[in-house]
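First the structure, in the form of structure tokens, and then the observations on it.
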Amino acid sequence: MSAVPEQRRLDLKVKIESTGPCRKKVFVTVPRAEIDSTLSKSLRELIVSADVPGFRKGRVPRSLVEKRFRREVSGQVLQRVLMESLEQLAEEHNLDAINEPDLDVTTLEIPEAGDFEFDFEVEVRPEFDLPDYSGLKIRRPVREVTDEEITASIDAYREQFATMSEPLDNPAEAGDLVIGDVRVVFNGEELGRRSGVQLRVSPRIRFLDAEAEAADKLLLGATPGAHLSMPAKISMEASRAELRGETVTVEVEVQDVRRKSLFETEKLANVFGHETVDELRKWFHNVQDRQLKFRQRQAVREQVLEQISASAQWDLPENLVLRQVENALRREVLEMREAGYTDQQIAARQAEMRQNQLSETRQALKQHFILDKLATEQNIEVSPVEKEMEILNMAQQSGESPRKVRAQLERRGMMENLEAQIRERKAVDFILEKASFEDVPDQWTPPENSHAVDLALCELGAVSEPVVEEEAAG
């Protein structure tokens, strides 16, 4: 069998400049000789297949083909030259692009004479050297799981599976849902309104861009028809810069009050495949252990980043940080789901992250780039079995089938996030194998009872439409 001939390399002239953090501008010149060579190749192929009246296929004069199919030939040459140039650039120049090049092909044309020049900008991974990460000293939080923590964990899931009562005439009590029309006001000006908003009677209400403290004191005793108002402080990273750090007023016209009926513990045991409450408690003991490991991973990630990023003095462009906000949230959600946190607890954490989305995402991105580079250097990969085991763990936490969990991840476009999360965890584990540990008491305490509302107060506009909120006890 004859050897496949190696593809001819283009004689490209390439210049690369840095135009900002993680951004390069690439200038490419394709000499005229390369264009003419590609043009001749395209013409030879077209002569063989061209169907021109009065001529047999393969016998059409080149000049006639070139004239009659000028636009088609020009398009083929442009496509071939671009594809071959970009492929060769990727092989010969270590750009390590994050996204597709910022290149508008519709504006490009092959000149009739002279060289073909084009340029584009592309976002690349930050350039830094990993320091020696062997022998890092890590403070590892440890604790013994108590019966009270197991009971609290079970109660959180009893609430997740709880049923909602019909509207009540009684005054709202702690944990009840106050449903009403919301109007947001700042300095006498209405920022927007929304109907059908659910507010849980809890000490703190977290909106996507604001927090209302001591909300339970205002919502306790609420009845249908009541008019309430509560102050809410806007996050320093809210979408409207002029409102950052300001306090707005959330006016609530109460429509309904509803109460949850907690799911029975015995039924919860059956949902998770256990015959007795004792078996359920043992299982939740393991859940608490996984949550401790989750907190350990978070603490380790922060310490690893702090210790090995000292020599990685690089900035991240704001537009990249903004685009990665959702990915950072998704990775955190996946880790929390695998660790056994309830939907309400995850929603509360999401609301907290969104209020500090830029700073937290910037930190998460730096962690990602450092761990990704380490994983690449150490050939750390994720196997299909590892992904399936992660999905199985999530299914066990939620009481759903693995097939349903997998379908949800695929529908939300989170399978890639799942693989990245597992790969980063394995990179952290690799560092831990070489680290020395000092066990310290886990200072973590359950977060205060809070409620997450999927609503950004700065972005309500003047539209009134019903929304369904998810209550969250963090």
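Just so you know, we're using numbering that gives the first Met the number 0 here: the sequence shown kicks off at 0 and counts up by one.
The beta carbon of each residue, even a glycine, is placed where N, CA and C say it ideally should be.
- Per DSSP, reduced to three states, the secondary structure at Gly174 is coil, with no helix or strand assignment.
- When DSSP states are grouped into helix, strand and coil, Met413 belongs to the coil group.
- Here Asn416 is buried, its C-beta having at least 16 other C-beta atoms within 10 Å.
- DSSP places Pro440 within a strand segment (E or B) once states are collapsed to three.
- Nearest Cα to Gln75 within the set Gln306, Val256, Thr37, Asn392: Thr37.
- Taking the C-beta atoms as reference points, Asp208 is found nearer than 7 angstroms to Ala455.
- Boundaries of the beta strand (DSSP E) harbouring Ala451: 449–451, taken from the DSSP string.
- With contacts defined by Cβ atoms closer than 7 angstroms, Glu210 and Lys232 form a contacting pair.
- Pairing Ser133 with Ala347, the inter-Cα distance amounts to about 36 angstroms.
- Under DSSP, Glu252 shares a beta bridge with Asp180, His226.
- The region 285–293 and the region 328–344 touch, with no fewer than 3 CB-CB distances between them shorter than 8 angstroms.
- A distance below 6 angstroms between beta-carbons, with the five flanking residues on each side excluded, links Phe115 to the following residues of its chain, in chain order: Val29, Ile34, Ile109.
- Straight-line spacing of the CA atoms in Gln78 and Gly339 works out to 51 angstroms.
- CA-CA distance, Ser201 to Glu245, rounds to 22 angstroms.
- The bridge partners DSSP lists for Asp101 are Glu120.
- Rounded to the nearest angstrom, the Cβ distance from Pro170 to Thr222 is 5 angstroms, consistent with a contact under 8 angstroms.
- By the Cβ criterion, the region 370–383 is not in contact with the region 227–243, since fewer than three pairs of Cβ atoms, one from each stretch, lie closer than 8 angstroms.
- Lys40 carries a helical assignment under DSSP once its states are collapsed to helix, strand and coil.
- Ranked by how close their Cα comes to the Cα of Thr248, the residues Phe262, Leu261, Leu227 have Leu227 in first place.
- Taking one beta carbon from each stretch, the region 356–365 and the region 426–446 have fewer than 3 pairs nearer than 8 angstroms; the two do not touch.
- Of the other Cβ atoms in all chains shown, fewer than 16 fall within 10 Å of the Cβ of Met82; this residue is therefore exposed.
- For Glu274 and Met388, the gap between their C-alpha atoms comes out near 24 angstroms.
- Note that the C-beta distance between Val144 and Gln287 is below 7 angstroms.
- A Cβ-Cβ separation of about 7 angstroms places Leu198 in contact with Val452 under the 8 angstroms criterion.
- Gln197 is bridged by DSSP to Ile178.
- In the DSSP assignment, Lys136 falls within the unbroken beta strand (DSSP E) covering 136–141.
- In the same chain as Glu278, and ignoring 5 residues on each side of it, the C-beta atoms closer than 7 angstroms to its own belong to Ala268, in chain order.
- The beta carbon of Phe436 sits closer than 6 angstroms to the beta carbons of Ile137, Arg139 from its chain, once the five residues preceding and following it are set aside; these are given in chain order.
- Proximity of the region 89–99 to the region 398–418 falls short of the contact definition, fewer than three beta-carbon pairs being nearer than 8 angstroms.
- In the three-state reduction of the DSSP assignment, Val332 falls in the helix class, which pools H, G and I.
- With respect to the 7 angstroms criterion, Val123 and Lys23 are classified as neighbours on the basis of their beta carbons.
- Membership of Lys24 in the beta strand (DSSP E) is indicated by the continuous run 22–29.
- Closest option to Phe206, judged by alpha-carbon separation, among Gln442, Val27, Glu351: Glu351.
- For the pair Ala363 and Thr105, the Cα-to-Cα distance works out to about 36 angstroms.
- DSSP places Ile15 in the uninterrupted beta strand (DSSP E) bounded by 12–19.
- For Ala211, there is no enclosing alpha helix (DSSP H); the residue is found in the beta strand (DSSP E) stretching over 209–212.
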